[in-house]
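Asks: First, the structure itself, so that you have it in front of you.
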Amino acid sequence: MFRTQRSGQSRYLVLLGVPIISKNAGPFYILSIDGGGIRGLFPARLLKCIETELKVPLSKHFGMFAGTSTGSIVASSLAHAVPIDQVIGLYRNSGPDIFSRQRFWGPRIFEPAVRSRYRKQKLLGALAPMLGGVSLGSITVPLVLPATDIVNGKAHLFRTNYVKDKKRDLEVPLLDAVVASCSAPTYFDPTRVGNVLLADGGLWANSPSLAAVIEARQNLEIELEDIRVLSIGTGYSPTTYGREERKRWGFINGWKGTEFVDFLMFLQARSTHNYLEMLFDKKQFLRLNFESEEPLHLDDCSIMDRLEEKAQEVFRNDRESIRRFMEGNL
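In the working numbering, the protein residues as written are -17 to 312.
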C-alpha cells in the first residue's frame, strides 16, 4: 500500500561515501519522537499499531528519524532496523529495573540535592543488546539525536553520515549518543562523549521535530513543501502544578524538583508543536499525543498498561488521518 520513502534505498545517491538525497523524489517523511522516560512506551505501541494495521514498513517509510531522550531509543532502533516489538519489550521488561531507586541513607526528599535519582549503568545495560556495537557512521539513514553540552552551554546534535562536511560524530557509538540524549537532569548523571559532557536533549529540544526539519532543509536540501512530519508525543497533563497557589515555592516543596524538569521539557515540546503548525499546512504535519487528567511522571512504571491503552485509543480515533497522512493525502 505504501511506497518506500527511506532515503537509504530509493532516495539516495552515493557520492564520496556520503548519502545524498535525490531531488524531486516526492514527499520526504520525518518521524519525530518526544522525550518522556517510561512514557516512550506510548509512541512505541502506537507505531506498532501503524505498522501492523496500516502495513507501513516503519524502518523503510521514513527518510529521517529524530528522537530526544526516550524518543532517541525508539528513533535509533528504527533507524537501525530493530523490530518495534523488541522496543516495546525493552520498556516492558527493563523499565522497572532502569527506574529502580538507589539506596539512600536519609529522607528521600533531600536526595535530588546530592545526587541523581537513578543509575545510568542500568540504562546502558538494558540498551546494549539492542544498540551496542554500532557507530553513528554506520547507520545508513539520516538520524538526529539532540543532547545538551553542559560544559560549553550549547545544543549538541548527533548526526549520522548524511552531511558531507560534518564528520564529528561518525565514530561515536550509537549507544553513547542515545544514553547522552537520555541523561535527564536529576534523573541520570550527565554522559561524557569524547571531550564533551552531555545532558538530556530535552533541555532545548524535547520535541526534535523542528531540529529535524532544519536538518532536512539545510543539510539535505529538501524543499519545505516536500517535507512531511509525523510527530509523536509521550502524553501530557494540563494541570502540572494544579490550580492552588502554594505558600512556599522552593525547588523541593514548591517546584518539586524532578517535576520542574518535566515541566520545562513539556513546555519546549508544546512550543515546537505550535511553531510547526504555523510553518506547515495540514497535509505536512501530523501530531499524535494524548492528554491525561493524572500526572504522568517519566519514571512511573505503574502507568505502562495505561500508556499502551492510550496508544491503541489514539490509533483507533485517528486511524483515517494517519492513513491519509502516510499516503500523502491528509
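Where is the CB? At the ideal position from N, CA and C, for every residue including glycine.
When you compare the CB positions of residue 49 and residue 58, do they come within less than 8 angstroms of one another, or not?
Replies: The residue labelled residue 49 in the question sits at position 67 within the sequence shown. The residue labelled residue 58 in the question sits at position 76 within the sequence shown. Yes, Cβ-Cβ distance for residue 49 and residue 58 is below 8 angstroms.
Asks: In chain order, what residues of the same chain have a beta carbon less than 7 angstroms from the beta carbon of residue 153, not counting five sequence neighbours either side?
Replies: Position 171 of the sequence shown holds residue 153. If we look at residue 153 and ignore the five residues flanking it on each side, its Cβ neighbours are 117, 119.
Asks: Would you tell me roughly how many angstroms separate the C-alpha atoms of residue 168 and residue 272, rounded to the nearest one?
Replies: Numbered from its first residue, the sequence shown carries residue 168 at position 186. Numbered from its first residue, the sequence shown carries residue 272 at position 290. Approximately 25 angstroms, taken between the alpha carbons.
Asks: Would you tell me roughly how many angstroms separate the C-alpha atoms of residue 298 and residue 35, rounded to the nearest one?
Replies: Residue mapping note: residue 298 aligns to position 316 of the sequence shown, counting from 1. Residue mapping note: residue 35 aligns to position 53 of the sequence shown, counting from 1. The alpha-carbon atoms of residue 298 and residue 35 are separated by roughly 10 angstroms.
Asks: Should residue 44 and residue 198 be called a contact, given that it needs their Cβ atoms to be closer than 8 angstroms?
Replies: What you label residue 44 is simply residue 62 of the sequence shown in a count that begins at 1. What you label residue 198 is simply residue 216 of the sequence shown in a count that begins at 1. Taking 8 angstroms as the Cβ cut-off, residue 44 and residue 198 do not qualify as a contacting pair.
Asks: Considering only the alpha carbon of each residue, which of 280, 214, 206 lies closest to residue 29?
Replies: Mapped onto the sequence shown, residue 29 falls at position 47. Checked all of 280, 214, 206; the closest Cα to residue 29 is 214.
Asks: Thinking C-beta only, is residue 267 closer than 8 angstroms to residue 259?
Replies: Counting from 1 along the sequence shown, the entry for residue 259 is found at position 277. Counting from 1 along the sequence shown, the entry for residue 267 is found at position 285. Yes, these two residues count as a Cβ contact at 8 angstroms.
Asks: Which same chain residues, not among the five before or five after residue 293, have their C-beta less than 7 angstroms away from its C-beta?
Replies: Position 311 of the sequence shown, counted from the first residue, corresponds to residue 293. Excluding positions up to five away in sequence, the list reads 24, 27, 28, 31.
Asks: Compute the Euclidean distance between the alpha carbons of residue 322 and residue 20, then round it to the nearest angstrom.
Replies: What is shown of the chain runs -17 to 312, which leaves residue 322 out entirely.
Asks: At which residues does the beta strand (DSSP E) containing residue 10 begin and terminate?
Replies: Within the sequence shown, residue 10 is the residue found at index 28, counting from 1. Per DSSP, residue 10 belongs to the beta strand (DSSP E) from 10 to 15.
Asks: Taking its Cβ as the centre, do 16 or more other Cβ atoms sit within 10 Å of residue 250, making it buried, or is it exposed?
Replies: Against the sequence shown, residue 250 aligns to sequence position 268. Label assigned to residue 250: buried.
Asks: Please report the residue range of the alpha helix (DSSP H) in which residue 172 lies.
Replies: Taking the first residue of the sequence shown as position 1, residue 172 is located at position 190. Unbroken run through residue 172: none, as it is neither H nor E.
Asks: Using a Cβ-Cβ cutoff of less than 8 angstroms, which residues in the same chain neighbour residue 68 once the five nearest sequence positions on both sides are dropped?
Replies: On the sequence shown, residue 68 is found 86 positions in, with the first residue counted as 1. So the list reads 59, 112, once near-sequence residues are dropped.
Asks: Tell me the rounded alpha-carbon separation between residue 137 and residue 245.
Replies: Position 155 of the sequence shown, counted from the first residue, corresponds to residue 137. Position 263 of the sequence shown, counted from the first residue, corresponds to residue 245. So the two alpha carbons sit approximately 19 angstroms from each other.
Asks: Residues in the same chain with beta-carbon distance under 7 angstroms from residue 353, minus the five sequence neighbours each way, listed in chain order, please.
Replies: Because the chain spans -17 through 312 in this model, residue 353 falls outside it and cannot be assessed.
Asks: So, for residue 159: in the same chain, excluding its five sequence neighbours on each side, which residues have a beta-carbon less than 8 angstroms away from its beta-carbon?
Replies: Along the sequence shown, one-based indexing puts residue 159 at 177. Only 54, 58, 118, 127, 129, 140, 151, 175 meet the Cβ criterion.
Asks: Can you find the residues in the same chain that come closer than 8 angstroms, C-beta to C-beta, to residue 105, ignoring five residues on each side of it along the sequence?
Replies: As a first step, residue 105 is located in the sequence shown; it is residue number 123 there, counting from the start. The residues are 80, 161, 164, 170.
Asks: Thinking C-alpha only, which one of 70, 147, 302 is nearest residue 287?
Replies: To locate residue 287, count along the sequence shown from 1; it is residue 305. For residue 287, the nearest C-alpha among the options comes from 70.
Asks: Applying the criterion that 16 or more other CB atoms from any shown protein chain within 10 Å of the CB defines a buried residue, is residue 134 buried or exposed?
Replies: As a working mapping, residue 134 is identified with position 152 in the sequence shown. It counts as exposed.
Asks: Which residue marks the beginning of the alpha helix (DSSP H) containing residue 123, and which one marks its end?
Replies: Here residue 123 is taken as the residue at index 141 of the sequence shown, counted from 1. Residue 123 -> no alpha helix (DSSP H), and no H or E assigned at all.
Asks: Got a sec? Which residues, its chain only, sit under 8 angstroms from residue 33 by beta carbon, not counting five neighbours each side?
Replies: Taking the first residue of the sequence shown as position 1, residue 33 is located at position 51. If we look at residue 33 and ignore the five residues flanking it on each side, its Cβ neighbours are 39, 40, 66.
Asks: Taking the C-alpha atoms as reference points, what is the distance between residue 263 and residue 166?
Replies: For the purposes of this step, residue 263 is taken as residue 281 along the sequence shown, with counting starting at 1. For the purposes of this step, residue 166 is taken as residue 184 along the sequence shown, with counting starting at 1. Those two C-alpha atoms are separated by around 33 angstroms.
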